[in-house]
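Worksheet: one structure, shown below.
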Amino acid sequence: MISTSRARRTSLVFAALTAPLVATSMAAAQSIPPIMPPTYGPKMESPRSEALGVEAGNTFAIYRDAIAQRRRATSQPAVRQDSSEAPTWGGISSAWISADTKRLNGTYSGNSSNLVFGVDAMVGSNLIVGLIGGYNRSSVDLPSGQRVKADGFSVGPYFSARLSDSLSLDGFIGFGKPDYNVDGGQFSGDKTFGNLTLSGSVPMQNAELSPFISVASVREKLPAFSSTAPVVAYAATEIKSFVATLGTNVHYNAIDRGNLTYLPTAGLEIDYVRNDDGFGNVDSFTTPRISGGVTIISDTGALNLGANVARTSEGTTTVGVNAGYYFQF
2 MISTSRARRT
12 SLVFAALTAP
22 LVATSMAAAQ
32 SIPPIMPPTY
42 GPKMESPRSE
52 ALGVEAGNTF
62 AIYRDAIAQR
72 RRATSQPAVR
82 QDSSEAPTWG
92 GISSAWISAD
102 TKRLNGTYSG
112 NSSNLVFGVD
122 AMVGSNLIVG
132 LIGGYNRSSV
142 DLPSGQRVKA
152 DGFSVGPYFS
162 ARLSDSLSLD
172 GFIGFGKPDY
182 NVDGGQFSGD
192 KTFGNLTLSG
202 SVPMQNAELS
212 PFISVASVRE
222 KLPAFSSTAP
232 VVAYAATEIK
242 SFVATLGTNV
252 HYNAIDRGNL
262 TYLPTAGLEI
272 DYVRNDDGFG
282 NVDSFTTPRI
292 SGGVTIISDT
302 GALNLGANVA
312 RTSEGTTTVG
322 VNAGYYFQF
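Right under this line is the structure:
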């Protein structure tokens, strides 16, 4: 049996031997910075909200112009089922497809491509109704150094109505669930967007002037997510963008060459974009845009080729090209 004094001496020896180890462990623990929970993104911005804002005007223009070109392209007698008919507004029924690609440089940089398609039919003599769909793929680098990648489909109804000999009203609404990647963080959004465009027609000696005014809006619900490089957590939000556009297109007189008819066009417009990230941060800017192209009409349809250049007041230049084909049944 060990005496009390011997046990006390053993305890003191053990304490003396382990004290340096305990001190070293405590010092090491104090030198390691505490692990902090991820914080929510910087003052604005949901990175997706920034990317949406810089692309919104161009994206709406793609859908709006595709519908307008469908209306105009199939209004020509050459693309009617019976070319001997007197020219009437619209086609009997049609399907069409339009593709574009654009490059962003400046404050924001990146690229974006869209494939837009539609099928429709005449209802009476003054109304086209149809289904419009689209696929978008984009990659946008933000001033913060973050990269927002997106891709996804959308679909919805559209219409084009002739209100009078000189006025037309076009509109569409779309629904989509795009996928995103923000610095390694992956998530999907729920997007609803729509547009109304009122267009006029002013005949001139060598061309037709077509002024228009357009309003568009997009709402997108985004879940909470975390990027991985660096680790930053972002709260769930609903982002909103509003786009108002005022512009005019010039449709020059037709040029006939054999069995083909060429319709040169040019356009000038300006967007006002207002972007809300859902966290109380609002950004707005303007974007002038110029465009040009030609529609080539044959017996079975119309081919549209074009290009455009835009520059936001924030310092981003966008250059794009597009092509579309409109089939007549």
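In terms of the working numbering, the sequence shown is residues 2 to 330.
For each residue, glycine too, the CB sits at the ideal point set by N, CA and C.
What is the residue span of the beta strand (DSSP E) that residue i lies within?
i	result
residue 260	First-last for residue 260: undefined, no H or E at that position.
residue 301	Segment: none, residue 301 is in no beta strand (DSSP E) and carries neither H nor E.
residue 110	110-124
residue 328	317-329
residue 332	Only positions 2 to 330 of the chain appear in the structure, and residue 332 is not among them; the question remains open.
Look at the alpha carbon of residue i and the alpha carbon of residue j, and state the distance between them as a whole number of angstroms.
i	j	result
residue 140	residue 124	40 Å
residue 316	residue 239	26 Å
residue 176	residue 159	12 Å
residue 152	residue 69	25 Å
residue 27	residue 191	Summary for residue 27: the model assigns pLDDT 49, below 50, so the residue's position carries little reliability, and this model does not support an answer.
residue 193	residue 179	11 Å
residue 269	residue 263	20 Å
residue 209	residue 106	34 Å
residue 312	residue 170	27 Å
residue 285	residue 261	44 Å
residue 368	residue 232	Nothing about residue 368 can be reported from this structure: the residues present for the chain run from 2 to 330 only.
residue 328	residue 236	46 Å
residue 157	residue 133	6 Å
residue 34	residue 227	Confidence at residue 34 is low in this model, with a pLDDT of 44, below 50, so the placement of that residue should be treated as unreliable; the coordinate-derived value is given next. Cα-Cα distance, rounded: 22 Å.
residue 302	residue 326	7 Å
residue 72	residue 161	7 Å
residue 99	residue 185	31 Å
residue 127	residue 163	5 Å
residue 314	residue 300	43 Å
residue 14	residue 234	In this predicted model, residue 14 has a pLDDT of only 43, less than 50, meaning its place in the structure is not dependable enough to derive any value.
residue 137	residue 154	7 Å
residue 267	residue 62	14 Å
residue 310	residue 104	10 Å
residue 181	residue 220	16 Å
residue 56	residue 165	33 Å
residue 204	residue 183	49 Å
residue 114	residue 256	31 Å
residue 97	residue 307	16 Å
residue 129	residue 222	31 Å
residue 83	residue 241	The pLDDT assigned to residue 83 is 44, lower than 50, so where the model puts this residue is not dependable, and the model offers no usable value.
Quick one, are the C-beta atoms of residue i and residue j less than 8 Å apart?
i	j	result
residue 277	residue 246	no
residue 201	residue 167	yes
residue 218	residue 243	yes
residue 131	residue 119	yes
residue 102	residue 321	yes
residue 135	residue 117	yes
residue 224	residue 280	no
residue 319	residue 59	yes
residue 197	residue 213	no
residue 290	residue 283	no
So which of the options has the shortest CA-CA distance to residue i?
i	options	result
residue 142	72, 254 and 52	52
residue 254	296, 227 and 50	296
residue 206	174, 221, 252 and 184	252
residue 258	283, 298, 241 and 314	298
residue 144	212, 173 and 48	48
residue 293	99, 265 and 173	265
residue 324	50, 64 and 56	64
residue 288	241, 173 and 248	248
residue 305	66, 114, 121 and 57	66
residue 250	204, 211, 174 and 256	211
residue 121	203, 173 and 230	173
residue 338	147, 230 and 308	Outside the modelled stretch of the chain, which goes from 2 to 330, sits residue 338, for which no answer is possible.
Are the C-beta atoms of residue i and some chain B residue less than 8 Å apart?
i	result
residue 218	Included in the structure is just one protein chain, with no chain B present.
**OP:** May I have a chain-ordered list of the beta strand (DSSP E) segments no shorter than 3 residues that lie completely inside the segment 128-190?
**Re:** Complete beta strand (DSSP E) runs here, min 3: 128-142, 148-163, 168-177, 180-183 and 186-189.
Original post:
Along the chain, which unbroken stretches of the beta strand (DSSP E) at least 3 residues long are found entirely within the segment 220-255?
Top reply: Within the segment 220-255, the complete beta strand (DSSP E) segments of 3 residues or longer fall at 226-229, 232-235 and 238-253, listed in chain order.
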